[in-house]
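A.B. asks: Before I ask anything, let me first share the structure, which is written out below as structure tokens.
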Amino acid sequence: MKYVDEFRNGQQAQEIAKKIAQLVEELGIDKKKPLQFMEVCGGHTHSIFRYGLAQFLPDEIEFIHGPGCPVCVLPMGVIDDCIAIAEKPNVIFTTFGDAMRVPGSQKSLLQAKAEGCDIRMVYSPLDALTLAKKNPDKEVVFFGLGFETTMPSTALTVQQAAKEQVNNFSLFCNHITIIPTIKAMLDSPDMRLDGFLGPGHVSMIIGTRPYEFIARDYQRPLVNAGFEPLDILQSVYMLVKQLVDKRCEVENQYKRLVPKEGNRAALQAIADVYELREFFEWRGLGSIDHSGVRIQPKYKQYDAELKFDLPKQKIADPDAAQCGEVVTGVIKPEQCKLFGKSCTPETPIGALMVSTEGACAAHYHYGRVEIPLANLGK
Amino acid sequence: MSIQQTKQKLLEQFDEQIITLAHGSGGKAMQKLIDQVILAFLGRPNTGPLEDQAILDLSNYPNHRVTMTTDSYVVTPLQFPGSGIGHLAITGTVNDLSVSGAIPLYLTCGLILEEGLPYKTLIQVLADMAESAQQANVSVVTGDTKVVERGSCDKLFINTSGIGVLKPDIDIRIPNIQVGDQVIINGDLGDHGVAILAARGELSLETTIHSDCQPLNNLVQTLLKHNIPIHAMRDVTRGGLATVLNEFAQGSNTGVLLQEQLLPIKNEVRGVCEVLGLDPLYLANEGKLVTIIAKEYAAQAVEIMSQHTNGQNSCIVGEIVAEHQGRVVMQSDFGGKRVVDMLVGEQLPRIC
């Protein structure tokens, strides 16, 4: 398949791997203290496990799976709010498929659907708007989640609803924004990262400039990376090369999609529809200042938070799940006490086990060739 | 009259008519429906007035064992590129019988119709059933029709049960799987799943992919006639190849090592999977089987299958191994191995 197979060429992967190994040798890294690169985006996490990329890299390089799986970081309270909306009479609640299995404090959206709520999976927020137009006697609510990647399409949908005066449509906005999140990780005292693989799809929207503070103020290199296995390996090579050259820059490996300035139309829609929240609660990470957005007052009639009375309960993460430590790279997924035992993709306890882009679920699905079944509680 | 001619005639005759609760009441309306429509397509000729049961003569198959299976069909939409629920209702049950090595003979047909169903829809479905039954050389010998109130079922559900006969010396079962055996499939994977996804129309997705729905009894019997010793065999339906192979690995305490580069998957199917974040290994099929055959017979089996209309793109896709007990592992094109696990729930598309 064109434009895909070229980026999955195993031969070339071996060659890049060899070059990376040579560079690492030049650096003279202590194996006990390997280089730690964080892939911010869940899409990268998925590719890393799916293609077994760790097998291509020397022991001196370690991936730390960052917070960039928007489904995984949804707090339980938000799912409870979704269910509270869905349980109201006359509501059609619409969501992306991924969010269906995320556990709330009592149940998931999938369970609420089975109990009789009208919850529908859509592939685009515009489908939800179409549904609203077809069902004028129902309230159609779209559950907006994700980073800057999905933000523009939801923003455009709100603009479209306003333009067409579709007043039985509203957005439950739980979008999150990447830069404050990365900054919070950099400010965390446990942090000892050596570089970042930048989230390619988010960067397609915001461009590469917003990352420059990472190199300038925190002296960490960042390479914006594509999602195919060769993209990721090349990006790792570029990070190590910066370390060898004693450079610290923001570089762009994903030039075929990411312009330096981002996508102007998308950014305008984002600026028109959203404003920053004071803080936003993340599952596993706690509250991060300015990391979420809400709908601007001028679109308030499309804001589900204002349209519906929501419980807005803060639900603590389950004590035993060590999601926070996995996300910050303190432990690896299989080192969590619950991994593969009580926490599996069938019955996720921690958020990282929910979506296939979550580090734990990806590890569970693809990364277990060497782990005996007995150790997985099977 | 051919099936197509009967269909045309009935479509004209019943043009705009719909099914009502009276058609399930056991009275005249029901009798008319059965006589004029259902029996026009299904049933055995010249068996006299209908009784409450079919009596089957198996005297041509002395010493055979009888195999039996049942399946219900609730697919939506009822028609999709390349096939429809009527074809599925026959081939699905025929295939479940066939992969034991049995010769499928007789099927039942239970119809649950929603009040208000257009006659046209029912006629199309019955014609498809007749077509597949003819193709698979089986007879529908008994049936039942119920009509439920509007909203109590989604247009039309079908249950078919089937029986077949199995020669005494045939033993195709999971515990026969041996290390070294080859994993063979009879053609491209995932066509049915993609055809259904596209036909549902929720994705604004246009493809030229058709469902692979086909009966497999003839293909299996051809292999047996050539004395190919088959260790295990399944039809690959919901859950895809990954699910069947996981059941093989767990049931035989061996491992399955797949070779990604050998998997026959159309580019168009791969493309849809890339866009939606699906894995073709879990996509549904309706005319595919996976068979486990000792290494020394594998090449011959592939050759026989490839020459058959129902197996043109047959190939070896992997091997049974001693390592990875109870698991399916895939050697990827890219290098490295990954676990191919059982699916958890439905495959849900990723958001970004």
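If you read the protein sequences in the order shown, they are chains A and B.
In terms of my numbering, the first sequence has 341 at position 330, counting the first letter as 1, and numbering is strictly consecutive.
In terms of my numbering, the second sequence has 89 at position 107, counting the first letter as 1, and numbering is strictly consecutive.
Beta carbons: idealized from backbone N, C-alpha and C, even for Gly.
No experiment lies behind these values; they were computed from the predicted model shown.
#1: In this structure, does DSSP put A:G2 in helix, strand or coil?
#2: Enumerated in chain order, which unbroken segments of the alpha helix (DSSP H) with a length of 4 residues or greater are wholly contained in the segment 141 to 199 of chain B?
#3: Any Cβ of chain B within less than 8 Å of the Cβ of A:R288?
#4: If you reduce the DSSP assignment to three classes, tell me which class B:Q203 lands in.
#5: Would you mind working out which of A:L250, A:I342 and A:G273 sits nearest A:L46, comparing C-alpha positions?
#6: Name the residues in the segment 125 to 136 of chain A whose C-beta lies less than 7 Å from a C-beta of chain B; which are they?
#7: For B:I274 versus B:V165, is the C-beta spacing smaller than 8 Å?
#8: Alpha carbon to alpha carbon, how far is A:H57 from A:Y375? Give it in angstroms, no decimals.
#9: Please name the residues in the segment 199 to 217 of chain B whose beta-carbon is closer than 8 Å to at least one beta-carbon of chain A, in chain order.
#10: Does the contact criterion of 3 or more C-beta pairs under 8 Å hold for the segment 299 to 315 of chain B versus the segment 239 to 256 of chain B?
#11: Which class does B:Q117 belong to by DSSP, given the choice of helix, strand or coil?
#12: Looking only at its chain, what residues have a beta carbon closer than 6 Å to the beta carbon of B:L239, apart from the 5 residues adjacent to it on each side?
#13: With contact counted as at least three CB pairs below 8 Å, one residue from each stretch, are the segment 304 to 323 of chain A and the segment 180 to 191 of chain A in contact?
#14: Is B:D173 buried or exposed, if buried means 16 or more other CB atoms sit within 10 Å of its CB?
#15: What residues from the segment 12 to 23 of chain A come within 9 Å of chain B, judged by C-beta to C-beta, listed N to C?
#16: Could you give the uninterrupted runs of the beta strand (DSSP E) lying entirely in the segment 95 to 156 of chain A, keeping only those of 3 residues or more?
#17: Looking only at its own chain, which residues have a Cβ that is under 7 Å from the Cβ of A:V365, when we skip the five neighbours before and after it?
#18: Does the Cβ of A:A282 have 16 or more other Cβ atoms within 10 Å, making it buried, or fewer, making it exposed?
#19: Going by other Cβ atoms of all chains shown within 10 Å of its Cβ, with 16 needed for buried, is B:D136 buried or exposed?
#20: Check whether chain A comes within 8 Å of B:D173, counting only Cβ atoms and requiring the distance to be less than that.
#21: For the alpha helix (DSSP H) containing B:V81, list its first residue and its last residue.
#22: Assuming A:V247 contacts A:L38 (C-beta within less than 8 Å), just tell me the rounded distance between them.
#23: Residues in the same chain with beta-carbon distance under 7 Å from A:L233, minus the five sequence neighbours each way, listed in chain order, please.
#24: Would you list the residues sitting across from B:L32 in a DSSP beta bridge?
#25: Given a cut-off of 8 Å, decide if B:V129 and B:G6 are closer than it, judged by their beta-carbon atoms.
#26: Does B:K270 pass the burial test, meaning 16 or more other C-beta atoms within 10 Å, or should it be called exposed?
#27: Considering only DSSP beta bridges, list what B:I274 is partnered with.
#28: Suppose you measure from the CA of B:M111 to the CA of B:H290; what does that come to, to the nearest Å?
#29: Please classify A:K271 as buried or exposed, where buried requires at least 16 other C-beta atoms within 10 Å of its C-beta.
#30: Identify whether A:D205 lies in helix, strand or coil by the three-state DSSP scheme.
#31: Hey, could you find the ends of the beta strand (DSSP E) A:Y285 is sitting in?
#32: On the DSSP bridge assignment, give the partners of B:S65 in chain order.
#33: Counting contacts by CB-CB distance shorter than 8 Å, is B:K10 in contact with chain A?
#34: Assign A:V89 to buried or exposed, taking buried as 16 or more other Cβ atoms, counted over all protein chains shown, within 10 Å of its Cβ.
#35: Under three-state DSSP, which class holds A:A236?
#36: Hey, B:I145 and B:M215: beta-carbon distance below 8 Å or not?
C.D. replies: On the basis of the supplied data:
#1: No answer is possible for residue 2 of chain A: the residues shown for chain A start at 12 and end at 389.
#2: 173 to 181
#3: Translated into positions along the first sequence, residue 288 of chain A becomes position 277. So no, A:R288 is outside the interface.
#4: Your numbering for residue 203 of chain B matches position 221 in the second sequence. Helix at B:Q203.
#5: Residue mapping note: residue 46 of chain A aligns to position 35 of the first sequence, counting from 1. Nearest neighbour of A:L46 by Cα position, chosen from A:L250, A:I342 and A:G273, turns out to be A:L250.
#6: Y134
#7: Start at 1 with the first residue of the second sequence, and residue 274 of chain B comes out as number 292. Start at 1 with the first residue of the second sequence, and residue 165 of chain B comes out as number 183. Yes, the Cβ-Cβ distance between B:I274 and B:V165 is below 8 Å.
#8: Here residue 375 of chain A refers to the residue found at position 364 of the first sequence. Here residue 57 of chain A refers to the residue found at position 46 of the first sequence. Each residue's alpha carbon lies about 11 Å from the other.
#9: none
#10: In short, these stretches touch, since the Cβ pair count reaches three.
#11: Position 135 of the second sequence holds residue 117 of chain B. In this structure, B:Q117 counts as helix in the three-state DSSP scheme.
#12: The residue you call residue 239 of chain B lines up with position 257 of the second sequence. Taken in chain order, the residues that qualify are G300, E301, V303 and V311.
#13: By the C-beta criterion, the segment 304 to 323 of chain A is judged to be in contact with the segment 180 to 191 of chain A, since at least 3 inter-stretch pairs fall below 8 Å.
#14: Taking the first residue of the second sequence as position 1, residue 173 of chain B is located at position 191. Buried is the call here.
#15: Those would be M12, K13, V15, D16, R19, N20, G21 and Q22, in chain order.
#16: 102 to 106 and 130 to 132
#17: Against the first sequence, residue 365 of chain A aligns to sequence position 354. Excluding its 5 nearest sequence neighbours in each direction, A:V365 has C-beta neighbours in its own chain below 7 Å: V82, C83, R112, V113, P359 and A372, listed in chain order.
#18: Residue numbering aside, residue 282 of chain A sits at position 271 when the first sequence is read from its first letter. With fewer than 16 Cβ atoms within 10 Å of its Cβ, A:A282 is classed as exposed.
#19: The sequence position of residue 136 of chain B within the second sequence is 154, counting from 1. That one is exposed.
#20: Locating residue 173 of chain B in the second sequence gives position 191, counting from the first residue. So, not an interface residue.
#21: Locating residue 81 of chain B in the second sequence gives position 99, counting from the first residue. Looking at the DSSP string, B:V81 is not in any alpha helix (DSSP H), and its letter there is neither H nor E.
#22: Translated into positions along the first sequence, residue 247 of chain A becomes position 236. Translated into positions along the first sequence, residue 38 of chain A becomes position 27. Not confirmed; about 13 Å, so no contact.
#23: As a position in the first sequence, residue 233 of chain A is number 222, starting the count at 1. Excluding positions up to five away in sequence, the list reads G206, F207, G209, Y222, I225, A226 and V261.
#24: Along the second sequence, read from residue 1 onward, the residue named residue 32 of chain B stands at position 50. DSSP lists no partner for B:L32.
#25: Here residue 6 of chain B refers to the residue found at position 24 of the second sequence. Here residue 129 of chain B refers to the residue found at position 147 of the second sequence. Going by C-beta atoms, B:G6 is nearer than 8 Å to B:V129.
#26: What you label residue 270 of chain B is simply residue 288 of the second sequence in a count that begins at 1. Flag for B:K270 reads buried.
#27: For the purposes of this step, residue 274 of chain B is taken as residue 292 along the second sequence, with counting starting at 1. Paired residue(s): B:V165 and B:A214.
#28: Indexing the second sequence from 1 puts residue 111 of chain B at position 129. Indexing the second sequence from 1 puts residue 290 of chain B at position 308. Computed Cα separation, rounded: 23 Å.
#29: The residue labelled residue 271 of chain A in the question sits at position 260 within the first sequence. Exposed, since its Cβ has fewer than 16 Cβ neighbours within 10 Å.
#30: The residue labelled residue 205 of chain A in the question sits at position 194 within the first sequence. Three-state DSSP puts A:D205 in coil, outside helix and strand.
#31: Locating residue 285 of chain A in the first sequence gives position 274, where the first residue counts as 1. It spans Y285 to L287 - the beta strand (DSSP E) in which A:Y285 sits, taken as one unbroken run.
#32: Looking up residue 65 of chain B in the second sequence gives position 83. B:S65 is bridged to B:F62.
#33: Position 28 of the second sequence, counting from 1, holds the residue named residue 10 of chain B. No, B:K10 does not count as interfacial toward chain A.
#34: Within the first sequence, numbered from 1, the residue matching residue 89 of chain A stands at position 78. With 16 or more Cβ atoms within 10 Å of its Cβ, A:V89 is classed as buried.
#35: Working through the first sequence from its first residue, we reach residue 236 of chain A at position 225. Residue state, collapsed to three classes: strand.
#36: Residue mapping note: residue 145 of chain B aligns to position 163 of the second sequence, counting from 1. Residue mapping note: residue 215 of chain B aligns to position 233 of the second sequence, counting from 1. No, the pair does not count as a contact, with Cβ atoms beyond the cut-off.
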